[in-house]
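A.B. asks: Supplied in structure tokens, the structure appears directly below.
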Amino acid sequence: NRLSFYIDETHGSRVFPRNIESQLSLLMYRDTRLLQVQNEAKKKDMMVEAIRKCIPRILRAVVMEVVKGRDSAHKSRIDHALRTYLLIHQVSIKLVLHYEVVFKALSSLVLLWISNPFAPSNLNKWESLEELLIAASLV
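See below:
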């Protein structure tokens, strides 16, 4: 719930991607100002790492909330979770496309895993197969 996503284009265009960068910085590094560095190369590397780790975990958490197998799953809760997932996924794609270096890095990591999924170097890149598949859906 920490990430703030804006659908309204007039408001969203004013705060995107600056607000999402600060929220990712808070999630990843526990500091909202860490991604506001002057060194662009360092910032891009940090954004790649933050998006690669945070976005798939957030989307996976939303999916897990829906499919936990609770008997008390209300239709409205499932509807809300599905809308949340689609909203986060849409903004995540915009964020990945906004940073070309993130798009290239995610694409290459997914392609590396597809070409040799059991290589020791590829096994440590992703926390789980679900996160890899979610990241693949962003590129």
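Numbering follows this note's numbering, in which position 64 of the sequence shown is assigned residue number 45; successive positions increment by one, without gaps.
For each residue, glycine too, the CB sits at the ideal point set by N, CA and C.
In this text, all values refer to a predicted model and were calculated from it rather than measured experimentally.
At 4 residues or longer, what runs of the alpha helix (DSSP H) sit wholly inside the stretch 15 to 78?
C.D. replies: Listed in chain order, they are 21 to 47.
A.B. asks: Given 8 Å as the limit, is there contact between the stretch 72 to 82 and the stretch 30 to 37, that is, 3 or more CB pairs closer than that?
C.D. replies: Because the criterion of three Cβ pairs below 8 Å is met, the stretch 72 to 82 and the stretch 30 to 37 touch.
A.B. asks: Tell me whether the beta-carbon of Met28 lies closer than 9 Å to the beta-carbon of Val83.
C.D. replies: Against the sequence shown, residue 28 aligns to sequence position 47. Against the sequence shown, residue 83 aligns to sequence position 102. It is a contact, given that the beta carbons lie within the stated cut-off.
A.B. asks: Buried or exposed for Ala86, going by 16 or more other Cβ atoms inside 10 Å?
C.D. replies: Translated into positions along the sequence shown, residue 86 becomes position 105. Classification of Ala86: buried, given that the 10 Å Cβ count is 16 or more.
A.B. asks: Reducing DSSP to helix, strand and coil, say where Tyr10 ends up.
C.D. replies: On the sequence shown, residue 10 is found 29 positions in, with the first residue counted as 1. Tyr10 falls in the helix class under three-state DSSP.
A.B. asks: Looking only at its chain, what residues have a beta carbon closer than 7 Å to the beta carbon of Glu112, apart from the 5 residues adjacent to it on each side?
C.D. replies: Position 131 of the sequence shown, counted from the first residue, corresponds to residue 112. Only Pro37, Arg38, Arg41 meet the Cβ criterion.
A.B. asks: Using CA coordinates, which residue listed in Arg58, Lys106, Val43, Glu30 is at the minimum distance from Tyr66?
C.D. replies: For the purposes of this step, residue 66 is identified with residue 85 of the sequence shown, where counting begins at 1. Comparing Cα-Cα distances from Tyr66 to each of Arg58, Lys106, Val43, Glu30, the minimum goes to Val43.
A.B. asks: Is Gln17 closer than 9 Å to Glu2 when the C-beta atoms are compared?
C.D. replies: On the sequence shown, position 21 is the one that residue 2 refers to. On the sequence shown, position 36 is the one that residue 17 refers to. Cβ atoms of Glu2 and Gln17: closer than 9 Å.
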